[in-house]
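Numbering (the working numbering), first residue to last: 99 to 224. Where a beta carbon is used, it is the ideal one built from N, C-alpha and C, also for glycine.
This is the structure:
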């Protein structure tokens with residue numbers, strides 16, 4: 099929908115500003131003539147159609163994968179057991195978050211995010 103508006107806006111903007119396109123080669127497009135303008139609009143329509151078809155195929159594929167129990171995204175770097183170990187070590191003061199990150203070979207932001215989720219989980223439980 100936004101794309102449709104943008105495509106029409108670009109075509110109208112090109113025409114309004116007096117810009118004329120003449121593509122030379124195998125596919126000659128000349129926007130100075132009515133046939134050339136029609137060809138440019140048809141190419142835009144085909145591009146819009148292809149974009150819509152791709153969007154639809156992607157949506158159907160994702161829905162099918164979800165029905166089969168698959169979820170998208172990256173796999174977690176830490177297993178649940180490792181996550182529990184990090185939370186325990188840091189909350190008991192045995193290690194800092196940066197130390198735990200180095201120990202488990204993850205980015206410190208991963209450990210901070212894990213600890214924040216654990217805090218939110220305990221705050222929700224209380």
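- When DSSP states are grouped into helix, strand and coil, residue 155 belongs to the helix group.
- Taking C-beta atoms as the reference points, residue 179 and residue 212 fail to come closer than 9 angstroms.
- Collapsing the DSSP output to three states places residue 184 in a helix.
- The beta carbon of residue 175 is closer than 6 angstroms to those of 204 in its chain, skipping five residues each way along the sequence.
- For residue 200, the enclosing alpha helix (DSSP H) stretches over residues 195 to 201.
- Taken through DSSP and simplified to helix, strand or coil, residue 211 comes out as helix.
- For residue 176, the secondary structure class from DSSP, reduced to helix, strand or coil, is coil.
- Less than 9 angstroms divides the Cβ of residue 134 from the Cβ of residue 127.
- Residue 198 and residue 190 have their alpha carbons spaced roughly 12 angstroms apart.
- The beta carbons of residue 206 and residue 195 sit about 6 angstroms from each other, so the pair counts as a contact at 8 angstroms.
- Here residue 219 carries a helix assignment [DSSP, helix/strand/coil].
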